[in-house]
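Residue numbers (numbering that gives the first Met the number 0): 0 to 655.
Beta carbons are placed, not taken as given, at the ideal position from N, Cα and C, and that holds for glycine.
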Amino acid sequence: MPELKSVTNTKLIFAPNEKFAQQANLTPEKYNELNQKAITNYAGFWGDLAQEHISWNKSFTKILDESNAPFYKWFEDGKLNVSYNCLDRHVLKNPNKTAIIFESDEGNVRKVTYKELLDLVCRFANGLKQLDVKKGDRVIIYMPHSIEAVVAMQACARIGAIHSVVFGGFSAKSLAERITDANAKYLITADAQTRGGRNLPLKASVDEALKILSLNNPIKKVIVNKRTKEECYFNEALDIWWHDLIKNQSDICEAEIVDSEHPLFILYTSGSTGTPKGVQHSSGGYLLGSILTMQWVFDIKPESDIFWCTADVGWITGHSYVCYGPLSVGATQVIFEGIPTYPDAARFWQMIDRHKVSIFYTAPTAIRALLKIDADLPKQFDLSSLRLLGTVGEPINPEAWMWYYEVIGKKRCPIVDTWWQTETGCHMLSPIPGVSKTKPGSCVSPIPGIMADIIDESGNTGKAGSDGYLVIKRPFPSQLRTIWNNPGRYVNSYFPKDIGGGKYYVAGDSAHLDNDGFFWILGRIDDVLNVSGHRLSTMEIESALALHPKVAEAAVVSKPHDIKGESIFAFVVCRGKARPVAADAENIAQELRQWIVKEIGPIAKPDEIRFGDNLPKTRSGKIMRRLLRSIARNEDITQDISTLENPVILEQLKSK
Ligand code: PRX
0 MPELKSVTNT
10 KLIFAPNEKF
20 AQQANLTPEK
30 YNELNQKAIT
40 NYAGFWGDLA
50 QEHISWNKSF
60 TKILDESNAP
70 FYKWFEDGKL
80 NVSYNCLDRH
90 VLKNPNKTAI
100 IFESDEGNVR
110 KVTYKELLDL
120 VCRFANGLKQ
130 LDVKKGDRVI
140 IYMPHSIEAV
150 VAMQACARIG
160 AIHSVVFGGF
170 SAKSLAERIT
180 DANAKYLITA
190 DAQTRGGRNL
200 PLKASVDEAL
210 KILSLNNPIK
220 KVIVNKRTKE
230 ECYFNEALDI
240 WWHDLIKNQS
250 DICEAEIVDS
260 EHPLFILYTS
270 GSTGTPKGVQ
280 HSSGGYLLGS
290 ILTMQWVFDI
300 KPESDIFWCT
310 ADVGWITGHS
320 YVCYGPLSVG
330 ATQVIFEGIP
340 TYPDAARFWQ
350 MIDRHKVSIF
360 YTAPTAIRAL
370 LKIDADLPKQ
380 FDLSSLRLLG
390 TVGEPINPEA
400 WMWYYEVIGK
410 KRCPIVDTWW
420 QTETGCHMLS
430 PIPGVSKTKP
440 GSCVSPIPGI
450 MADIIDESGN
460 TGKAGSDGYL
470 VIKRPFPSQL
480 RTIWNNPGRY
490 VNSYFPKDIG
500 GGKYYVAGDS
510 AHLDNDGFFW
520 ILGRIDDVLN
530 VSGHRLSTME
540 IESALALHPK
550 VAEAAVVSKP
560 HDIKGESIFA
570 FVVCRGKARP
580 VAADAENIAQ
590 ELRQWIVKEI
600 GPIAKPDEIR
610 FGDNLPKTRS
620 GKIMRRLLRS
630 IARNEDITQD
640 ISTLENPVIL
650 EQLKSK
């Protein structure tokens with residue numbers, strides 16, 4: 000288990016913001032009441048919330064079915080449509096309310112109201128139906144972060160199709176893998192996405208992915224959204240333009256009523272083995288989690304807030320806090336296709352000022368990067384519209400937290416450091432603004448109803464002042480239902496027998512519980528890396544490297560990085576000839592980086608590559624990664640190396 004890092008300062012503590020508390024959705028009394036109810040009547044707690052917050056087409060009578068644990072069912076006999084909950088019910092009340100303020104990379108702004116968004120979704124959903132997309136069909140969405148991506152996702156939800164969004168930064172090969180695993184028949188893409196002043200082709204990657212799949216390609220139709228002036232290949236037999244598809248469609252499309260447990264989407268994420276896992280989410284339970292966390296953690300006031308979550312729809316954060324959460328509560332949100340440093344590092348602050356953003360949610364990596372470029376730059380902008388700040392995806396170091404708090408939030412805005420995962424669907428640990436005390440770097444405590452705890456090797460839980468595996472002891476509505484096509488992997492990955500006896504959801508993170516009851520995330524307990532808040536598997540990168548003709552063997556470890564949190568360090572043994580040196584080594588390293596870009600995507604590109612004649616191995620041939628970790632970090636090797644077969648290799652690997 001990783002050790003408690005020195006960056007955590009468990010003593011620095013901030014009282015709840017009193018001014019904020021006066022207006023907050025959750026008062027301390029309400030918060031205590033919720034927690035109390037969750038303890039005394041767990042099913043009733045969730046059942047009442049689901050009745051209150053979701054518009055059901057047919058109400059449920061069963062709340063939680065645990066008979067086939069860990070394949071839990073929530074609100075099983077209830078029927079609903081998620082898109083109806085995100086659109087129609089708000090249109091009925093306030094059709095002209097702005098739903099999305101979109102800003103493009105070049106700074107063009109387009110606003111759509113709830114009524115306009117519903118029309119767009121219905122026309123596109125009718126187009127999907129015309130192409131014969133049916134309830135339960137899998138639809139891959141490989142799109143820029145855009146209004147159209149949200150339309151595509153909502154349209155799938157509207158007709159009961161299961162979307163699987165693939166982040167636009169993933170390579171053709173990664174896309175092909177996901178198409179195969181989901182056995183998707185339809186794919187929605189764009190000619191290109193525009194980020195940082197450049198058009199990055201998407202359709203070309205789709206064409207390449209389909210070429211890789213060749214005769215095993217399950218895709219019957221590719222819908223292409225034209226966004227840029229880039230030329231793109233168009234296959235009349237397979238492709239259809241988005242604008243042609245929606246041209247004559249009606250703007251009325253009755254929402255398909257589905258069971259609460261009907262899969263809403265599959266989202267692939269990295270696990271400890273090489274192949275990505277298709278995390279499958281439900282409709283009712285997931286929707287409930289998104290709504291409640293918008294209310295409790297983001298304290299959303301739909302009538303006055305402008306909400307901005309900077310995550311791409313390709314990640315779970317973009318699913319829950321761009322596509323579903325803000326719309327499900329009828330809020331106005333900003334969507335930005337570009338990057339925080341284009342045209343310069345003022346972009347975020349300028350946009351907060353321009354759009355009068357009141358709730359801002361981003362990743363610590365972005366905060367660290369912008370702080371480093373110019374810590375005073377935000378002072379040139381009017382950030383007085385802000386009232387709440389949030390972070391997600393990785394631990395935030397206290398220095399970045401303090402800058403966020405003082406310079407961006409002017410000490411007025413509470414910070415919610417939210418811990419959660421693709422698998423949990425929505426926030427699990429987070430301060431409740433106006434209620435919780437905060438400590439910079441701690442994600443504080445479980446939100447109401449979430450029975451999170453730490454457990455040690457002997458099975459003891461809740462031991463204050465100690466480290467343990469982070470677990471959630473009771474099923475909760477927004478949790479994943481299974482791994483697509485792989486229920487065995489679901490059970491083994493999340494309910495392992497060796498931690499908690501298979502009874503608890505095991506998150507894969509370790510955490511420290513301090514004496515005041517605050518949680519501190521320490522890091523992953525498996526071979527998952529967190530680079531700039533992006534989750535990557537060391538095994539996946541190793542397998543990709545090993546496919547290169549020049550590579551005999553590779554091992555990947557993480558190294559702490561000032562801005563990205565972690566960076567990727569690869570150790571490589573070349574085939575046949577001796578260890579390359581100097582220019583030769585640099586050339587091969589470049590070649591391998593490009594290879595990884597093609598195999599996985601730019602986010603998985605190793606920062607450093609070190610060559611050796613071999614890797615440190617035990618007598619039974621197991622790579623001793625902890626030694627590689629020490630070498631990558633330039634640390635002295637103090638660990639026991641008595642089982643190491645080839646100690647001389649350590650000296651070689653230490654030198655560039
Ligand atoms: O290690 C934790 C880290 O990100 C992992 C989940 O990654 P992913 O499924 O891609 O979802 C990211 C967005 C929710 C976790 O297992 N993580 C997430 N949030 C935090 C965090 N680590 C520390 N503090 C957080 N607030």
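Residue interval of the beta strand (DSSP E) (run including residue i)
| i | result |
| --- | --- |
| K558 | 550 to 560 |
| W519 | 518 to 523 |
| V527 | 527 to 530 |
| R632 | Taken as a continuous stretch (DSSP letters only), R632 belongs to no beta strand (DSSP E), as it is neither H nor E. |
| F306 | 305 to 308 |
| Y141 | 137 to 141 |
| I265 | 264 to 268 |
| F610 | 607 to 611 |
Anticipated Cβ contact below 8 Å, residue i with residue j, distance rounded
| i | j | result |
| --- | --- | --- |
| V328 | I299 | 5 Å |
| A151 | M142 | 6 Å |
| A362 | G313 | Going by Cβ atoms, the distance from A362 to G313 rounds to 14 Å, so no, they are not a contact pair. |
| I587 | C573 | 7 Å |
| L614 | I622 | 5 Å |
| A189 | I218 | With 8 Å as the limit, A189 and I218 do not qualify as a contact, their Cβ atoms being about 16 Å apart. |
| R632 | K558 | 6 Å |
| E176 | P275 | 7 Å |
| I540 | A584 | Not confirmed; about 19 Å, so no contact. |
| P377 | I334 | No, P377 and I334 are not in contact; Cβ-Cβ is about 21 Å, not under 8 Å. |
| C442 | T417 | 6 Å |
| Y185 | K220 | 5 Å |
| E235 | P200 | That belief does not hold up - the Cβ atoms of E235 and P200 are roughly 19 Å apart, past 8 Å. |
| Y41 | R488 | No, Y41 and R488 are not in contact; Cβ-Cβ is about 27 Å, not under 8 Å. |
Same chain only: Cβ atoms within 6 Å of residue i, ignoring 5 sequence neighbours per side
| i | result |
| --- | --- |
| L627 | A554, V556, F570 |
| K4 | Bear in mind that a pLDDT of 49 at K4, under 50, signals an unreliable position, so the model cannot answer this. |
| I12 | K436, K438 |
| G284 | W73, P476, S477 |
| R109 | F101 |
| E147 | N224 |
| F294 | Just to set this straight, residue 294 is Gln in the shown sequence, not Phe. Within the same chain, Q294 has close Cβ partners N24. |
Beta-carbon gap between residue i and residue j smaller than 9 Å
| i | j | result |
| --- | --- | --- |
| F518 | P605 | no |
| F347 | L385 | no |
| D180 | W483 | yes |
| N95 | Y113 | yes |
| T268 | I315 | yes |
| D455 | G464 | no |
| V527 | I498 | no |
| L387 | K462 | no |
| Y232 | A191 | no |
Sequence-distant residues of its chain with Cβ nearer than 7 Å to residue i (five each side left out)
| i | result |
| --- | --- |
| I158 | A124, L127, K128, V132, K134, E255 |
| C85 | Q153, Y323, L326, S327 |
| C425 | G288, S289, T292, S319, W419, S477 |
| D373 | A344 |
| Y341 | D104, G195, G196 |
| L117 | L86, D87, V90 |
| V6 | Any reading at V6 must be qualified, since the residue scores a pLDDT of 44, below 50, and its modelled position is unreliable; the value itself is stated next. Result list for V6: N396, P397, G440, in chain order. |
| N216 | L209 |
| K549 | C573, R574, I587 |
| G600 | G168, F169, S170, S173 |
CB contact check: residue i to chain D, cutoff 9 Å
| i | result |
| --- | --- |
| N485 | This model lacks chain D altogether, as it is built from one protein chain only. |
Close-in-space but distant-in-sequence residues of the same chain around residue i (CB under 8 Å, 5 per side omitted)
| i | result |
| --- | --- |
| I338 | D104, R194, G195, R346 |
| R592 | K604, P605, I608 |
| Q638 | R625, L626, S629 |
| D561 | R367, K371 |
Opening and closing residue of the alpha helix (DSSP H) in which residue i lies
| i | result |
| --- | --- |
| V505 | Segment 504 to 512 is the beta strand (DSSP E) holding V505; no alpha helix (DSSP H) there. |
| R592 | 581 to 598 |
| V647 | 647 to 653 |
| R157 | 146 to 158 |
| G284 | 283 to 295 |
- Could you tell me which uninterrupted alpha helix (DSSP H) segments, each at least 4 residues in length, are contained entirely in the segment 195 to 253, listed from first to last along the chain? 202 to 212, 241 to 245
- Item | Whole runs of the beta strand (DSSP E) within the segment 413 to 489, excluding any shorter than 3 residues | 414 to 417, 451 to 454, 465 to 471
- Contained beta strand (DSSP E) runs [length at least 3] in the segment 52 to 116, N- to C-terminal order: 97 to 102, 108 to 112
- Query: What alpha helix (DSSP H) runs, 4 residues minimum, are completely inside the segment 359 to 419?
  - Reply: 363 to 372, 397 to 402
- Task: Please list the segments of the beta strand (DSSP E) lying wholly inside the segment 314 to 338, counting only runs of 3 or more residues, in order along the chain.
- Result: 331 to 335
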